[in-house]
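Asker: So the number in this note's numbering is just where the residue sits in the sequence shown, counting from 1, plus 1. Glycine included, C-beta positions come from ideal geometry on N, C-alpha and C. Could you have a look at this structure, given as structure tokens, before my questions?
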Amino acid sequence: MTAATGFGSMVGFCCGMFAKRAGSAAAITLGGIVTLFQLAAWGGYISVNWDKISADTVRTFDFDKSGKLDHGDVSFAMKETVSVLSSNMGVSGAGFAAGFALGLRK
């Protein structure tokens, strides 16, 4: 294993762990917001247009333009994330990607 691959794997692992924790925090925050909106709507305080929210979400995150959110969109987002995070670092892209994937699983 070369030094660049080892370093890339280590940095990728750290970035993957960060992404997992940040994703968990974002999911908890989003879940809390949706819960509060739904409770306020149920209580008659507000009206939420969930169909519009759903359509806007699909339009924003449908990277492969299939008209739905699916595995292809997640795959595209993951590849772009790894590409952006490992660019201009002088590390092995494969090592970084492997470390990133391992960090997401930890």
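Report the rounded CA-to-CA distance for residue 46 versus residue 26, giving the unit in angstroms.
Answerer: Here the question's residue 46 lines up with position 45 in the sequence shown. Here the question's residue 26 lines up with position 25 in the sequence shown. So the alpha carbons of these two residues sit roughly 27 Å apart.
Asker: Give the secondary structure of residue 45 by DSSP, where H, G and I count as helix, E and B as strand, and everything else as coil.
Answerer: As a working note, residue 45 is residue 44 in the sequence shown. Three-state DSSP puts residue 45 in coil, outside helix and strand.
Asker: Closer than 8 Å by C-beta to residue 42: which residues in its own chain qualify, once you throw out the five before and the five after it? Chain order, please.
Answerer: Looking up residue 42 in the sequence shown gives position 41. Only 48 and 49 meet the Cβ criterion.
Asker: Taking buried to mean at least 16 other C-beta atoms within 10 Å of its own C-beta, is residue 101 buried or exposed?
Answerer: As a working note, residue 101 is residue 100 in the sequence shown. Answer is buried; the Cβ neighbour count reaches 16.
Asker: Tell me which residue opens and which closes the alpha helix (DSSP H) that residue 94 is part of.
Answerer: As a working note, residue 94 is residue 93 in the sequence shown. It spans 94-106 - the alpha helix (DSSP H) in which residue 94 sits, taken as one unbroken run.
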